[in-house]
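Some notes on the structure that comes next.
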Amino acid sequence: MHYAIACSCLIAGLAAATTLQDGFKYKVHDMERPQPAAVTPGALQGSTAPSDAVALFDGQSSDKWSSGGKPCAWTIENGELAVKPGTGDIATKDSFGDCQLHLEFMVPADRQCKGQHGCNSGVFFMNQYEVQILNSNNNMTYADGMAGSCYGQHPPMVNACRPQGEWNVYDIVFRAPRFDQDGKLVTPAFVTLIMNGVLVQDHVALLGSTAHAARAKYSAHAAELPIRLQDHGDPLRFRNIWVRRLPEPQKAE
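In this text, residue positions in the sequence shown follow my numbering: the first is 222, and each later residue adds one.
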């Protein structure tokens with residue numbers, strides 16, 4: 222199928238997917254939605270940023286982040302960026318569109334987790350498209366809110382979450398949506414996510430900006446916006462965060 226026609230068909234389907242009467246089999250955050258099978262990831266391998274990456278957190282400084290336009294309020298402890306509950310989300314000072322993001326997160330071993338409570342965060346691309354961060358190892362919740370989910374939209378293909386007290390690794394390729402000059406969606410956003418070396422999202426088309434307990438929908442926005450990490454009131458820890466800007470997808474010539 223021609224690329225333009227394929228995109229038009231996909232966008233038409235996404236437009237239909239923004240209502241609650243669209244024939245979807247499951248509701249948003251439906252506890253009846255099947256749970257992805259659990260897999261045990263391989264051994265964690267150390268990762269250093271490639272030469273063209275922007276280091277967002279290298280264990281030394283949080284200067285690349287801000288809290289509501291002010292200096293980052295989260296703390297650095299033992300080379301780790303720790304959420305300071307109640308201080309709010311942090312966002313990159315720079316803006317990004319298409320990108321490859323690497324981050325590592327850990328839920329403290331002694332943290333009490335129940336569903337979405339006690340061990341929750343998220344990474345938002347363009348300040349609005351969330352990939353969920355959560356402890357999903359022996360912690361039941363709705364499938365589209367598990368670790369590795371595109372929150373409220375796509376559950377992970379499998380549950381590759383490590384136990385509390387161990388580090389989880391996200392490698393995410395994000396393709397930003399495109400809008401025409403009138404603000405009409407031309408191409409949706411796409412997410413590919415490898416969690417702990419396991420593919421859990423395979424170039425999935427997002428239905429729109431992340432919403433809680435509601436169907437997502439698109440609104441036109443700038444071509445580049447900040448990446449945001451969520452303060453959900455839980456003391457998660459992050460390390461080794463870097464991002465690469467990506468060119469337009471290659472086309473055969």
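Just so you know, even glycine gets a beta-carbon here, dropped at the ideal spot from N, CA and C. Please read all numbers here as calculations on a predicted model, not as lab measurements.
Per-residue burial, Thr431 [other beta carbons within 10 Å of its own, 16 or more giving buried]
The residue labelled residue 431 in the question sits at position 210 within the sequence shown. Buried is the call here.
Tell me whether the segment 451-460 and the segment 326-339 touch, counting them as touching only if at least three CB pairs, one residue from each stretch, are closer than 8 Å.
Contact between the segment 451-460 and the segment 326-339 is present: 3 or more CB-CB pairs across the two stretches fall below 8 Å.
Inspect the beta-carbon positions of Pro384 and Met416 and report whether they are closer than 8 Å.
As a first step, residue 384 must be located in the sequence shown, where it is residue number 163. As a first step, residue 416 must be located in the sequence shown, where it is residue number 195. No, the Cβ-Cβ distance between Pro384 and Met416 is not below 8 Å.
Short Cβ contact (8 Å threshold) for Ser357 with Gln451:
For the purposes of this step, residue 357 is taken as the residue at position 136 of the sequence shown. For the purposes of this step, residue 451 is taken as the residue at position 230 of the sequence shown. No.
Neighbourhood of Cys293 by C-beta, 7 Å cutoff - its chain only, sequence neighbours within 5 removed:
The residue labelled residue 293 in the question sits at position 72 within the sequence shown. Cβ within range, chain order: Ser283, Trp286, Ser287, Ile311.
Near Val390, which residues of its chain fall below 6 Å by C-beta distance, leaving aside the five closest residues on each side in sequence?
If you number the sequence shown from 1, residue 390 lands on position 169. Same-chain partners within the cutoff: Glu325, Asn417.
Inter-residue spacing [alpha-carbon to alpha-carbon] between Thr240 and Ala441:
Counted from its first residue, the sequence shown places residue 240 at position 19. Counted from its first residue, the sequence shown places residue 441 at position 220. Here the model assigns Thr240 a pLDDT of 41, short of 50, so the residue's position is not dependable and the matter cannot be decided.
Could you check what DSSP says for Ala237 in three-state terms: helix, strand or coil?
Against the sequence shown, residue 237 aligns to sequence position 16. Note that Ala237 has pLDDT 43, beneath the 50 cutoff, so the model's placement of it is unreliable and no number is given.
So what does DSSP say about Gly290, is it helix, strand or coil?
Working through the sequence shown from its first residue, we reach residue 290 at position 69. Here Gly290 sits in coil by DSSP.
What residue ranges within the segment 259-328 form continuous beta strand (DSSP E) runs of no fewer than 3 residues, ordered along the chain?
275-278, 286-288, 296-298, 301-303, 311-313, 320-327
Segment limits, beta strand (DSSP E) that includes Gly366
As a working note, residue 366 is residue 145 in the sequence shown. Note, Gly366: premise wrong, no beta strand (DSSP E); not H, not E.
Can you list, in chain order, the residues of its chain whose CB lies under 6 Å from that of Thr296, leaving out five sequence neighbours each side?
The residue given as residue 296 occupies position 75 in the sequence shown. Same-chain partners within the cutoff: Ala303, Lys305.
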